[in-house]
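Novice: Residue numbers (the working numbering), protein chains in the order written: chain W, 1 to 486; chain C, 487 to 869. Sharing a structure here in C-alpha cells format.
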C-alpha cells in the first residue's frame with residue numbers, strides 16, 4: 001500500500017482506532033493482522049513469502065539461543081542467512097546475474113537465450129530481509145534474547161510503518177515497545193499526525209513535482225547536455241530522492257508514533273554534511289548503522305555496535321590500514337548493490353567509498369572542515385550530488401558521459417545548453433535556498449524562548465493548514481516511493 | 487508550549503487546510519482549463535456532418551473511426567487531416583460557426599467530389615503526435631487516400647509524446663517499423679514505456695481498486711473535491727501568469743530584452759523531422775497522397791512570433807523536400823487569414839495560433855481547392 005494515498009489514510013484511521021479501542025492483549029494481533037493486510041493490498045501471495053521468512057528466523061534464532069554448541073549455532077545462523085539472502089538473490093538479482101552471464105557468454109562467442117521468466121520483486125524484501133537477518137545475528141551475538149512468542153516476532157518483522165522502506169530497526173528497539181502496555185497520549189497522536197502531514201507534503205509538493213524534470217533530464221541524450229545541465233539534473237535528482245525517501249521515513253515515524261511507538265530518526269539534513277563520513281551519519285541512518293554493525297566493523301576487525309542510530313563510523317587510524325580500506329570498499333559495494341541490481345548502483349557505492357577514503361587520507365580535508373566549513377559544505381554538496389549520477393543513470397555509459405561533462409572545463413558554457421528551461425535552474429536554486437532557510441529557521445526557533453515559540457503558534461497553524469490544503473489538492477498515488485524498488 | 491495547546495494547534499491547522507481547500511475548489515466550478523489554454527474567448531468544437539463525427543480529439547477518436555469505416559463501405563475517398571489546436575479551436579465561437587474541416591467538406595460536396603475530410607487534432611501536437619494519430623487509423627485498417635498535415639513551427643519545440651494518444655496504440659508491427667524508420671521506432675519505444683507503466687506491479691491491485699472507490703466517494707461527498715483538477719490548473723496558470731508578469735516587468739524596466747522569441751532547439755527540430763520523415767514514408771507505403779501545409783500565421787510582421795529567418799529557413803527546407811518526393815505536396819498558407827480574424831491570448835496579446843469562423847472558412851476552402859487542383863494536375867499544380 002502506498003503511503004501517499006487515501007487508501008492508506010483510511011487504513012491508518014481504522015487500524016489506529018482498533019489498536020486503541022481494543023484491550024492491550026489483542027494489540028499484537030491487531031498490529032500483525034493490519035500489517036499483513038497492508039502488505040496484501042499490493043499482492044497477497046507475497047505476504048506468504050514474508051511470513052515464511054519470519055518463520056525461518058523465529059525457529060533459527062530459538063535454536064541458536066537454546067544451545068551452547070558453536071557448530072549448531074553457526075549452522076542455524078547459516079540456515080537463516082541462506083534462506084533470507086537466497087530469497088533476496090532469487091527475487092532481486094536473478095536478472096542481473098543472468099545478464100552478466102549472458103554478457104560474458106556473448107563476449108566469448110556463446111549466445112545465451114533470454115531468461116524467459118518474469119520475476120516480480122516483492123515490495124520491501126531488501127528491508128525486511130535485513131531486519132530479520134539483524135535479529136538472528138543479534139541473537140547469535142547474544143545482544144538480545146529471542147522472543148518467546150511468534151506473534152511478537154511476526155509483528156516486529158511485518159510492522160507496517162517500516163515494512164516497505166524502513167527505517168531498518170533492531171529488535172531491541174522495537175519489540176519492547178510493541179509488547180509494552182502503551183497508554184494513549186494525545187500529544188503522541190498529534191505529533192504523529194503532524195509528522196505524517198509533513199511527510200505527505202514533502203512527497204507530494206517536492207518529490208513528485210521534481211520527478212518529471214528529473215525523468216526528462218535523464219531521458220535526454222547525455223551527449224547533448226553541457227556541464228551545467230548535468231549539474232542541474234543531478235541536483236534535481238538529489239533533491240527528489242531526499243524528499244521522496246525522507247518523506248517515507250516521516251510518514252513511517254508518524255504512523256508509529258500515533259500507535260505510541262517511537263522510531264529513531266532516519267535523516268538529519270544530509271545535504272548539510274561537511275564530509276562523506278558526516279553525510280553517512282545523516283543519510284538513511286538506519287541502513288548505514290546496519291551496514292556498520294553487520295558488515296563494516298566486523299570486516300574491519302572492530303567491535304560492532306547495537307543501535308540503528310549514529311550512522312557510519314569509520315574505523316580508527318590505529319587499525320590495519322589495508323583491512324579497513326578493503327572493508328570500506330567491500331561494504332560500499334554491497335551497499336550499492338543492495339540499492340539496485342546493476343553496475344550503476346555498484347559504481348555509486350564505490351564512489352562513496354572513494355570519497356570517504358580520499359577524505360580520510362588527505363589531511364587538508366580536516367583543515368578545510370575546521371577552518372572553512374562553508375567551503376567544506378559546498379564541496380561536499382557538489383561531490384555528494386555528483387554521486388547520484390550513476391545511481392540515476394540507465395547505464396554505465398550514460399553515467400560515464402555525464403561525469404565526463406562535469407569534469408571537462410570546456411563544457412561549462414551556456415551556448416550549448418540543452419535543458420533550456422529556466423525552470424530547471426530556478427527549481428534547483430529554490431529548493432536549495434528553501435532547504436537552507438528551513439534549516440536555519442528550525443535551528444533558530446529551537447533555541448528561542450518559550451515566549452517566542454508561543455508567538456509562532458499562528459505560523460504553525462498556517463503552515464499545517466497550507467500543507468493540508470496542498471495534500472488535498474495534489475494527493476494521487478501516481479508515483480510510488482523511489483525506495484520501493486529497492 | 488503547554489501540552490493541551492499542541493493538539494489544538496494541529497487540529498486547527500488541519501481544519502483550516504480543509505476549509506480553505508473546500509472554499510477554493512468550489513470557486514472553480516465554472517472554470518474550464520482546456521478552453522482557457524486556447525486563449526481568451528476561444529473554444530473547442532467537435533464537428534459533425536449528418537450526425538457523424540468528422541473531427542476528434544484524442545479522447546473522442548472512436549466516432550471518427552466509425553465514420554471512416556462507414557465511408558469506406560460506400561467507397562468514398564477519405565482525406566485525414568491532422569494538426570494542432572488551430573484545427574479545433576474557434577475564437578468568439580457563436581452558433582453556426584464551423585471548423586475548417588466542415589468548410590472543406592462543404593467545398594468538396596459543392597464541387598461534386600467523392601471526397602470526405604476527417605480531422606484529428608490535439609493541442610501542441612508535434613510530428614510524433616501526428617505520426618501516432620496516423621498510426622491509430624492504420625492499426626484499425628483505415629488507410630486514407632489523402633493525408634493532410636498542418637506543419638506548426640512552434641510545436642517543433644514540443645518534446646515528448648502525448649500519453650493520451652500513446653495509450654490508444656496497439657503493438658506496432660515490424661513491417662511498419664521497417665517502412666517508417668526511426669520516427670515510428672521512437673513512437674514504439676515511448677509506447678512501450680507507457681505500457682510498462684500500465685503493466686506495473688501496482689496496477690490492478692486491491693489497493694488501486696480501493697483508491698478508485700475512495701476517490702469517487704470523496705468526489706461525491708467532500709464539497710469541491712471533484713473540482714480539484716480545475717483548482718490545480720487555476721493555481722498553475724496563476725503562478726505562470728505571475729512569473730510571466732514578473733518577467734515582463736523586469737524586461738520592461740531593465741530593457742534587458744525587448745521581445746520574446748521562443749527558441750526551437752536544433753535537436754528537437756531534428757527529432758521531430760524524423761517523425762515527419764516516418765509519416766511521409768508510411769503514407770507513401772500506404773499509397774496515400776500527402777499534403778503538408780504551413781499553418782496560417784497572424785500576418786502583421788511586428789507581431790510575428792518566431793525568429794523570422796529560422797522560420798523561413800525551416801519551411802524552405804520542408805518545401806524543397808516535398809518537391810523532391812512523388813505524391814507529397816507542400817502548400818504555404820501562412821498569410822491567408824487577415825489580421826481581423828485572429829483571437830487574443832489570455833494575457834491580452836494577439837493570438838498567433840487561433841482564429842475565428844471566417845478564418846476557418848478560408849483555411850477549409852484553401853485546402854479543398856488545392857486538393858482538387860492536385861488531384862487533377864499533381865506536381866504541376868500551383869503551390
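Beta carbons are placed, not taken as given, at the ideal position from N, Cα and C, and that holds for glycine. Every value quoted in this text rests on a predicted model; they were computed, and no experiment measured them.
1. How many angstroms separate the CA atom of residue 711/C from the CA atom of residue 41/W?
2. Is it the case that the region 609 to 622 of chain C contacts the region 560 to 580 of chain C, given that we only count it when at least three CB pairs across the two stretches are under 8 Å?
3. Contact between the region 229 to 237 of chain W and the region 401 to 415 of chain W is defined here as three or more beta-carbon pairs at a separation below 8 Å; is this criterion met?
4. Name the chain A residues whose beta carbon is nearer than 7 Å to that of residue 697/C?
5. For the 8 Å Cβ check, are there 3 or more pairs between the region 459 to 478 of chain W and the region 424 to 432 of chain W?
6. Relative to the C-alpha of residue 801/C, which residue among 640/C, 703/C and 626/C is closest?
7. For residue 193/W, go through chain C and note every residue whose CB falls closer than 8 Å to its CB, in chain order.
8. Which of helix, strand or coil does DSSP assign to residue 836/C?
9. Let me confirm a value: residue 644/C is counted as buried when at least 16 other C-beta atoms fall within 10 Å, else exposed. Which label applies?
10. Could you check where the beta strand (DSSP E) with residue 607/C kicks off and where it finishes?
11. Is it right to say residue 472/W is buried, meaning 16 or more other beta carbons lie within 10 angstroms of its own, or is it exposed?
12. Label residue 488/C either buried or exposed according to how many other C-beta atoms from any shown protein chain fall within 10 Å of its C-beta, with 16 as the threshold for buried.
13. Counting only C-beta atoms, is residue 658/C closer than 8 Å to chain W at any point?
14. In the DSSP assignment, find the alpha helix (DSSP H) that holds residue 563/C and state where it starts and stops.
15. Which runs of the alpha helix (DSSP H) at least 4 residues long sit entirely within the region 653 to 712 of chain C? Give them in chain order.
16. Go ahead and label residue 543/C buried or exposed: buried means 16 or more other beta carbons lie within 10 angstroms of its beta carbon, across all protein chains shown.
17. Residue 367/W versus chain C: which residues are under 7 Å apart at the beta carbon?
18. Taking 8 Å as the CB-CB limit, is residue 101/W close to chain C?
19. Just the C-alpha distance for residue 97/W and residue 111/W, rounded to the nearest angstrom, thanks.
20. How far does the beta strand (DSSP E) with residue 530/C in it reach, from first residue to last?
21. Give the single residue among 223/W, 391/W, 378/W and 108/W whose Cα lies nearest to the Cα of residue 344/W.
22. Can you look up residue 180/W in the DSSP assignment and give me helix, strand or coil?
23. Cβ of residue 849/C within 8 Å of Cβ of residue 817/C?
24. In its own chain, which residues sit with a C-beta less than 6 Å from the C-beta of residue 486/W, not counting the 5 before and 5 after it?
25. Quick one: what's got a C-beta closer than 6 Å to residue 250/W's C-beta in the same chain, skipping five residues either side?
26. Quick one: using the 10 Å Cβ neighbour count with 16 as the cut-off for buried, is residue 874/C buried or exposed?
27. Reducing DSSP to helix, strand and coil, say where residue 577/C ends up.
28. Three-state secondary structure (DSSP) at residue 221/W?
29. How many Å lie between residue 438/W and residue 159/W at the Cα?
30. So that I know if they touch, is there some Cβ in chain W lying closer than 8 Å to that of residue 639/C?
31. Quick check on DSSP: helix, strand or coil for residue 632/C?
32. For the alpha helix (DSSP H) that residue 807/C lies in, which residues bound it at each end?
33. Looking at C-alpha atoms only, which residue of 121/W, 357/W, 107/W and 82/W is the closest neighbour of residue 94/W?
34. In chain W, which residues lie less than 8 Å from residue 507/C when you measure between Cβ atoms?
35. If you reduce the DSSP assignment to three classes, tell me which class residue 30/W lands in.
36. Using the beta-carbon of each residue, which ones in chain W are nearer than 8 Å to residue 717/C?
Specialist: In terms of the structure at hand:
1. 25 Å
2. yes
3. yes
4. Of the protein chains in this structure, namely W and C, none is chain A.
5. no
6. 640/C
7. 496 and 500
8. strand
9. buried
10. 601 to 607
11. buried
12. Its pLDDT being 49, under 50, residue 488/C is placed unreliably by the model, and the measurement read from it follows with that caveat. Its Cβ having fewer than 16 others within 10 Å, residue 488/C is exposed.
13. no
14. Not the alpha helix (DSSP H): residue 563/C falls in the beta strand (DSSP E), residues 563 to 569.
15. 660 to 666, 668 to 684 and 692 to 707
16. buried
17. Going along chain C, no residue has its Cβ under 7 Å from residue 367/W, so there is no contact; the nearest lies around 42 Å.
18. no
19. 15 Å
20. 528 to 530
21. 391/W
22. coil
23. no
24. Below a pLDDT of 50, predicted positions are generally treated as unreliable, and residue 486/W, at 49, falls in that range; no measurement from the model is reported.
25. 195, 198 and 199
26. Outside the modelled stretch of chain C, which goes from 487 to 869, sits residue 874/C, for which no answer is possible.
27. strand
28. coil
29. 32 Å
30. no
31. strand
32. 794 to 810
33. 121/W
34. 468, 469, 472 and 473
35. helix
36. 473
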